[in-house]
Each structure stands twice: as structure tokens, then as C-alpha cells.
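Written below as C-alpha cells is the structure these notes are about.
Following this line, the structure appears as C-alpha cells:
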């Protein structure tokens, strides 16, 4: 009986932890985005996925679509590939961009 009670309590704890994890992630503002690393060498243009980022002297290799928190995107969601954006070394740099 003691083993049954311990198993029941453990099950309830696991269920509660999953429920709390689900509600915690729901409070984060999410955005659709895409992976687009800022690269400072034009060697990436040899790739069929390579391209330039406007007239900034930066290059990239495009990637898949993702769903991420807004603060996890380039320049905290303000980065624009052909315009102002964060690059490697900047505190708000990430290769993930908001749509």
C-alpha cells in the first residue's frame, strides 16, 4: 500500500510539473522568424543559399522558419536584414530574425 501511495504522489507531481511548464511558456511573447546569420565574408556567396544583407557589407546563408521569443531575435526584434541590424560582437546579435 505504501508503494502504491508513493507511486500516486509521484504521478501527481509529474503531472503538475508539466502543467506548470506549459503555462509558463504561454506567457512569453512569441514571433515567427527565420535563421539568417550575419557573416562578414563574401565567401558565403559560393553557396546557393548565400546572399547579401543590403549595402551593409554583411552576408548570410538563409535558413529555416522558426517560432521563437521576441527577445531571442536579432536586435531584440528590431533587426532588419537589408537595414539596421546587430552583427556578431553586438550584445543584441542573434542569427534568428523576427518576421
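In mature numbering (1 follows the signal peptide of the UniProt record, and there is no 0), the protein residues as written are -21 to -1, 1 to 78. C-beta atoms are modelled at their ideal positions from N, C-alpha and C, and glycine is treated no differently.
Are the beta-carbon atoms belonging to residue i and residue j less than 7 Å from one another?
i	j	result
residue 14	residue 42	yes
residue 33	residue 75	no
residue 65	residue 58	yes
Could you tell me the boundaries of the beta strand (DSSP E) in which residue i lies?
i	result
residue 48	44 to 48
residue 77	75 to 77
residue 14	9 to 14
residue 39	38 to 40
residue 31	29 to 31
Whole angstroms are fine: how far does the CA of residue j sit from the CA of residue i?
i	j	result
residue 80	residue 7	Nothing about residue 80 can be read from this structure; the chain reaches only from -21 to 78.
residue 20	residue 61	16 Å
residue 71	residue 35	17 Å
From the beta carbon of residue i, is the nearest beta carbon of chain B less than 7 Å away?
i	result
residue 28	Looking at the structure shown, chain B is missing, and only one protein chain is on hand.
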